[in-house]
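Structure first, commentary second.
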Amino acid sequence: MMDIKTITVVGAGTMGHGIAHVAAFAEYQVYLVDVSEDVLASARAKIEKNLRKGMELGKVKEEQMKAALARISFTADLRTAASAADLVIEAVPEELPLKQRLFRQLDELSPPDAILATNTSTLSPSEIGSVTRRPHRVIAMHFFNPVHIMKLVEIIRSLDTSDETCAAALAVAHHLGKQTVLVNESPGFVTSRISALVGNEAFYMLMEGVASAEDIDRAIKFGLNYPMGPLELADLVGLDVRVRNLEYLHKM
Ligand code: NAD
Numbered sequence: 018m019m020d021i022k023t024i025t026v027v028g029a030g031t032m033g034h035g036i037a038h039v040a041a042f043a044e045y046q047v048y049l050v051d052v053s054e055d056v057l058a059s060a061r062a063k064i065e066k067n068l069r070k071g072m073e074l075g076k077v078k079e080e081q082m083k084a085a086l087a088r089i090s091f092t093a094d095l096r097t098a099a100s101a102a103d104l105v106i107e108a109v110p111e112e113l114p115l116k117q118r119l120f121r122q123l124d125e126l127s128p129p130d131a132i133l134a135t136n137t138s139t140l141s142p143s144e145i146g147s148v149t150r151r152p153h154r155v156i157a158m159h160f161f162n163p164v165h166i167m168k169l170v171e172i173i174r175s176l177d178t179s180d181e182t183c184a185a186a187l188a189v190a191h192h193l194g195k196q197t198v199l200v201n202e203s204p205g206f207v208t209s210r211i212s213a214l215v216g217n218e219a220f221y222m223l224m225e226g227v228a229s230a231e232d233i234d235r236a237i238k239f240g241l242n243y244p245m246g247p248l249e250l251a252d253l254v255g256l257d258v259r260v261r262n263l264e265y266l267h268k269m
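Terminal number for the sequence shown in my numbering: 269, no gaps in between.
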């Protein structure tokens, strides 16, 4: 089994800062990379705020908070961060050409046996891995927002992912304290595909005047025991992101 000690997270936005937080808390050395210094500064502030909240709730000790923050290097220097990585988790925006360009760079910069993971919510890990010379070491690790609270990591093996890579990704996710599911490459995996279906049905109901947006959400929340209604979830995800995901699933 591969020994993973250093995790490099690329993209320090909504998902990237959360992944860096849970990785540092689980005692991995972490590099958190972004092209924007402002994003890096705000990622640091958000991680600290969430750890402090954990302290108030009695889940995090002060030493753990300090140690976790000290384990993260916030940087715009992809070269240094990638070259130190045993595992890279990419969390840049959901655009295939952007992710492929980055994976080509990561393939150049990171050690030959490092695993390259994508946090894509819909795109194909096979297509992303195909631009590298190590497609058997490419996999999707799909985290959920907010990462430090949500329990699942959906692991998607591409057509080329090796058993060893799968085992290593599962082991890291378990070490982060997450539940895992292993999914074969298929558009939308399990979660994004079901979520799109439920969301679309809610959009149709709203359009048909079946009920108000608030009541559709309340029905699903209190009647079906979802933590959040499908329409408020779509707002949280962002309608621009949702429509892009739906267009992609529609094409596939
Ligand atoms: P985001 O826009 O909040 O963050 C993306 C970050 O990537 C930005 O800070 C941007 O500056 C940075 N970036 C762009 N190009 C870069 C590059 N070449 N190198 C380094 N950094 C770069 O996006 P997000 O919501 O965190 O989503 C990231 C990924 O996670 C997407 O693939 C998305 O589909 C997936 N995802 C999102 C959610 C969610 O709820 N937001 C949930 C699961 C998966």
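The beta-carbon is built from N, C-alpha and C at its ideal position, and this holds for glycine as well.
Simplified DSSP state of residue i, which is helix, strand or coil
i, result
"I21", "coil"
"M270", "Outside the shown range of the chain, which is 18 to 269, sits residue 270, and nothing can be said about it."
"V109", "coil"
"T139", "coil"
"T339", "One cannot answer for residue 339 here, as it falls past the ends of the chain, which runs 18 to 269."
"A40", "helix"
"R150", "coil"
"G33", "helix"
"F120", "helix"
"L126", "helix"
"F239", "helix"
"S59", "helix"
"N262", "helix"
"G255", "coil"
"S209", "helix"
Per DSSP, the bridge partner or partners of residue i
i, result
"R174", "I156 and N201"
"Y48", "T25 and S90"
"L133", "V105 and V155"
"Q196", "L169"
Assumed close pair residue i, residue j - CB separation to whole angstroms, cut-off 8 Å
i, j, result
"V207", "I36", "The Cβ separation is near 20 Å, so there is no contact."
"A43", "H159", "Not quite, the Cβ-Cβ distance comes to about 18 Å (not below 8 Å), so this is no contact."
"I237", "G226", "No, I237 and G226 are not in contact; Cβ-Cβ is about 17 Å, not under 8 Å."
"T149", "A98", "The pair is not a contact, with the Cβ atoms about 17 Å apart (cut-off 8 Å)."
"N262", "S209", "6 Å"
"V47", "I89", "5 Å"
"P128", "R151", "10 Å between Cβ atoms; not a contact."
Residue-level contact to chain B via CB, residue i, 7 Å cutoff
i, result
"K268", "Among the chains of the structure shown, chain B does not appear; only one protein chain is present."
The stretch 28–35 touching the stretch 69–88, judged by at least three CB pairs closer than 8 Å: The stretch 28–35 is not in contact with the stretch 69–88.
Given 8 Å, three or more beta-carbon pairs between the stretch 200–220 and the stretch 47–62: no
Touch test, the stretch 106–124 against the stretch 137–156, Cβ-Cβ under 8 Å, three pairs minimum: yes
At least 3 beta-carbon pairs within less than 8 Å: the stretch 97–107 vs the stretch 163–179: no
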